[in-house]
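Colleague:
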Amino acid sequence: MLFGPPGAGKGTQAVRISETTSKPQVSTGDMLRQSVSSGSELGLAAKVFMEAGELVPDDVIIGLISERLKMTDASNGVLFDGFPRTIAQAEELAKIADVTAVISIEVPDNSIIQRIVGRRMDPETGEIYHVDFNPAPDSIADRLIQRKDDNESTVRNRLSAYHSQTSPLAGWYDQQGLLIRINGNQKIKDVGDEIAHKLLSNKNSESS
Ligand code: AP5
Ligand code: MG
Numbered sequence: 006m007l008f009g010p011p012g013a014g015k016g017t018q019a020v021r022i023s024e025t026t027s028k029p030q031v032s033t034g035d036m037l038r039q040s041v042s043s044g045s046e047l048g049l050a051a052k053v054f055m056e057a058g059e060l061v062p063d064d065v066i067i068g069l070i071s072e073r074l075k076m077t078d079a080s081n082g083v084l085f086d087g088f089p090r091t092i093a094q095a096e097e098l099a100k101i102a103d104v105t106a107v108i109s110i111e112v113p114d115n116s117i118i119q120r121i122v123g124r125r126m127d128p129e130t131g132e133i134y135h136v137d138f139n140p141a142p143d144s145i146a147d148r149l150i151q152r153k154d155d156n157e158s159t160v161r162n163r164l165s166a167y168h169s170q171t172s173p174l175a176g177w178y179d180q181q182g183l184l185i186r187i188n189g190n191q192k193i194k195d196v197g198d199e200i201a202h203k204l205l206s207n208k209n210s211e212s213s
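Written out as structure tokens, the structure is:
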């Protein structure tokens with residue numbers, strides 16, 4: 006599971022972890038954005054919360070995850086990105102799946118706004134870029150998009166939702182011995198290297 010504030014780098018790091026562990030990335034944010042663009046009833050309901058930077062209600066999220074875990078590619082485990090985000094979601098998850106590791110990417114609030122406002126997405130590949138920290142190649146510059154919730158005022162609400170509703174989960178998983186703390190305030194590659202190193206030592210200590 007990847008855990009951390011908005012803009013911590015969960016989506017950025019998920020690609021590499023998914024490749025090395027062969028577990029599919031399951032991002033509730035991406036699933037909700039797909040529902041919003043398909044215009045489904047669930048998407049219409051979720052849109053209001055997402056654009057305000059508030060959490061979507063727990064029952065909606067639990068429903069999405071229960072369905073996703075029934076799919077065949079989830080049978081050997083998944084990499085959650087941005088789920089769970091409340092203690093209630095984590096309690097529901099514990100009833101249907103075992104959590105083996107929680108990778109907490111830690112980034113101070115003062116770095117978050119610049120990351121979020123400068124983020125650009127490639128709608129064709131889903132690739133995540135940043136105007137300064139990870140610029141896209143010129144050849145695709147014209148098709149890049151910006152997420153609707155990637156503006157300064159919404160991100161302040163997302164940060165406040167994170168601190169009040171989501172960050173208590175770090176202590177909850179730490180008590181269970183599952184939390185792996187990562188310094189997210191370093192270069193993208195260095196964050197990835199620290200995750201790879203700590204995941205490996207975590208695996209070795211489990212098997213010894
Ligand atoms: P979601 O899509 O999950 O958004 P989020 O948690 O706010 O996280 P982000 O996707 O914004 O950030 P990230 O950590 O993935 O960072 P990224 O790698 O892109 O959720 C959106 C909304 O959906 C929520 O607000 C809520 O409404 C709803 N929702 C979703 N899940 C929910 C749930 N479980 N319960 C209830 N509601 C839910 O990187 C960000 C930028 O920084 C990029 O530009 C990247 O290039 C750059 N960057 C990354 N790493 C670095 C680095 N090390 N140095 C410099 N720049 C970096
Ligand atoms: Mg993300």
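For the numbering used here, add 5 to where a residue sits in the sequence shown, where the first one is 1. We put the beta carbon where it would ideally sit given N, CA and C, even for glycine. Only a predicted model underlies this, so the values are computations on that prediction, with no experimental measurement involved.
(1) In the structure shown, what three-state DSSP assignment does N188 receive?
(2) In chain order, what residues of the same chain have a beta carbon less than 6 Å from the beta carbon of V107, not counting five sequence neighbours either side?
(3) My guess is that V31 and R90 are in contact by the Cβ rule of under 8 Å, so how many angstroms apart are they, rounded?
(4) What is the rounded straight-line gap between the Cα of E24 and the Cα of G16?
(5) Just to confirm, are D86 and A19 a CB contact at a threshold of 8 Å?
(6) In whole angstroms, give me the CA-to-CA distance for A166 and P173.
(7) State yes or no: is the C-beta of D143 within less than 8 Å of the C-beta of Y134?
(8) Less than 7 Å between the CB of N139 and some heavy atom of the ligand AP5, yes or no?
(9) Examine the ligand MG and report whether any of its heavy atoms sits within less than 7 Å of the Cβ of K15.
(10) Determine the extent of the alpha helix (DSSP H) in which M126 is found, giving its start and end residues.
(11) Near E56, what residues of its chain come up, given a Cβ to Cβ distance below 8 Å and the 5 sequence neighbours on each side ignored?
(12) Return the chain-ordered ranges of every alpha helix (DSSP H) run that is complete within the region 47 to 132 and spans a minimum of 4 residues.
(13) Keeping to the same chain, check which residues put their C-beta closer than 6 Å to that of R163; ignore five residues upstream and five downstream.
(14) Say yes only if the C-beta of K192 is nearer than 7 Å to one or more non-hydrogen atoms of the ligand AP5, and no if none qualify.
Modeller: So, to answer that:
(1) strand
(2) M6, F8, Y178, L183 and L184
(3) That belief does not hold up - the Cβ atoms of V31 and R90 are roughly 13 Å apart, past 8 Å.
(4) 13 Å
(5) yes
(6) 11 Å
(7) no
(8) yes
(9) yes
(10) Premise fails: M126 lies in the beta strand (DSSP E), R124 to M126, not in any alpha helix (DSSP H).
(11) K153, D154 and T159
(12) 63 to 74, 92 to 101 and 114 to 122
(13) P11 and G58
(14) yes
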